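What follows is a single structure, written as structure tokens, with notes after it.
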Ligand SMILES: [Zn+2]
Ligand SMILES: [Zn+2]
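In our numbering, the protein residues as written are 9 to 362.
See the structure below:
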């Protein structure tokens with residue numbers, strides 16, 4: 009049984025953004041938990057529908073999903089957060105239940121979560137360059153990233169005396185203030201509590217009342233094989249300190265061009281000079297791949313300049329299972345710069361014979 013995101017929403021892989029959205033709305037209406045109270049199966053289905061939509065509605069996530077395949081993509085997602093080295097997962101991974109619901113609520117006209125308006129989540133975006141070889145094999149790279157631990161001064165409570173936060177007196181805990189003349193009202197996030205609805209009595213100086221002590225430290229990040237320029241990895245807790253603790257660091261991959269292999273999607277291209285005798289009579293040529301491993305490629309007889317030879321499975325990892333694209337070898341001919349007397353004689357004979 010296929011349970012990929014497309015079949016969950018009942019759409020084809022070529023569905024447009026509008027079609028994806030439409031299918032999602034239809035499925036949500038049919039499977040909304042309010043309609044099927046207590047039905048565990050429909051609740052499950054509802055979760056799956058949302059999971060599918062959260063991925064497919066986002067171009068970046070969708071292309072990662074298409075590239076990696078259902079199984080791999082979900083595995084990456086679920087590995088995020090628990091991994092010892094920074095817990096990367098494909099961008100948009102840890103889409104919390106809250107996000108899913110705020111999305112649905114806004115669709116049903118419930119209005120969003122006004123408490124968090126104006127608050128900052130601490131998410132940041134960083135670009136990182138990697139070599140084509142690392143994109144081919146996957147890699148562990150060390151990066152200096154923001155790292156946060158609970159403040160030793162206040163134990164993470166933000167209050168120097170470790171007192172629990174109290175309701176913000178400026179906004180009465182609502183997180184926003186309303187200014188106006190009763191006719192035109194403007195709702196603004198509360199400045200005193202920054203939209204949190206709560207304040208601490210004795211702000212901790214050690215952590216600036218954030219509850220965290222931040223530094224920069226070396227973090228080992230796993231780069232999955234097959235990544236492309238534009239792929240975003242998310243490292244939870246390595247963003248900046250937001251109003252609700254450390255945010256997520258989105259790491260955008262930039263794959264550097266290689267001067268031997270040219271990447272086009274899942275395929276690689278290489279131009280190889282072959283010996284003119286091998287080009288005529290056929291032979292073998294040795295190629296050293298991006299991972300340093302070498303292999304032989306058969307040259308067919310009477311191989312012309314510019315012939316494109318396809319070497320199956322030697323392209324880039326596609327991220328779909330253990331599949332690889334193709335390597336295309338484009339031939340050019342290498343002519344000898346020196347000829348012995350004997351060689352010249354033979355070639356003259358060859359000329360006379362033709
Ligand atoms: Zn503190
Ligand atoms: Zn307030």
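Note that the Cβ used here is the ideal one computed from N, Cα and C, for glycine as well.
Please read all numbers here as calculations on a predicted model, not as lab measurements.
Chain-order list of residues whose beta-carbon lies under 8 Å from that of residue i (same chain, five-residue window excluded)
i	result
residue 19	27, 28 and 31
residue 138	147, 149, 231, 235, 261, 262, 263 and 264
residue 194	186, 187 and 188
residue 360	none
Contact check, residue i vs residue j, beta carbons under 8 Å
i	j	result
residue 231	residue 146	yes
residue 259	residue 144	no
residue 305	residue 317	yes
residue 219	residue 159	yes
residue 254	residue 206	no
residue 285	residue 293	no
Integer-rounded CB distance, given that residue j should sit under 8 Å from residue i
i	j	result
residue 250	residue 130	3 Å
residue 183	residue 204	6 Å
residue 76	residue 238	Going by Cβ atoms, the distance from residue 76 to residue 238 rounds to 14 Å, so no, they are not a contact pair.
residue 269	residue 140	6 Å
residue 329	residue 276	At roughly 19 Å, the Cβ-Cβ gap does not stay under 8 Å, so residue 329 and residue 276 are not in contact.
residue 60	residue 16	4 Å
residue 156	residue 244	No, residue 156 and residue 244 are not in contact; Cβ-Cβ is about 11 Å, not under 8 Å.
Same chain, Cβ closer than 6 Å to residue i, neighbours up to 5 away in sequence not counted
i	result
residue 5	In the structure displayed, the chain extends from 9 to 362; residue 5 sits before or after that span and is not available.
residue 322	335
residue 21	14
residue 344	none
residue 73	63 and 81
residue 274	323, 324, 326 and 333
residue 128	250 and 251
residue 210	167, 168 and 169
residue 78	12
Selected residue, minimal CA-CA separation from residue i, among the options
i	options	result
residue 278	214, 207, 199 and 265	265
residue 303	209, 337, 283 and 326	337
residue 257	241, 270, 272 and 263	241
residue 132	154, 60, 262 and 361	154
residue 213	223, 167 and 193	167
residue 324	243, 60 and 272	272
residue 57	11, 24 and 194	11
residue 152	17, 225, 194 and 135	225
residue 363	23, 38 and 50	Here the chain has residues from 9 to 362 only, and residue 363 is not among them.
residue 179	191, 192 and 196	196
residue 287	313, 181 and 51	313
residue 310	135, 210 and 341	341
residue 208	233, 191 and 181	181
residue 331	357, 65, 233 and 217	233
residue 300	308, 357, 142 and 210	142
residue 65	33, 319 and 352	33
Residues near residue i in its chain [Cβ-Cβ closer than 7 Å; skip 5 each side]
i	result
residue 170	162 and 163
residue 248	130, 132, 154 and 255
residue 39	50, 53, 54 and 57
residue 217	166, 208 and 211
residue 135	260 and 262
residue 320	334
beta-carbon residue i near ligand 4 non-hydrogen atom, thresh 7 Å
i	result
residue 174	Only ligand 1 and ligand 2 can be found as ligands here, which leaves ligand 4 out of the picture.
Environment of ligand 1 in chain order, Cβ to heavy atom below 5 Å: Taken from the N-terminal end onward, the list reads 159, 161, 162, 212, 214 and 215.
Residues with a Cβ closer than 5 Å to any heavy atom of ligand 2, in chain order? Listed by chain position, these are 176, 178, 179, 198, 200 and 201.
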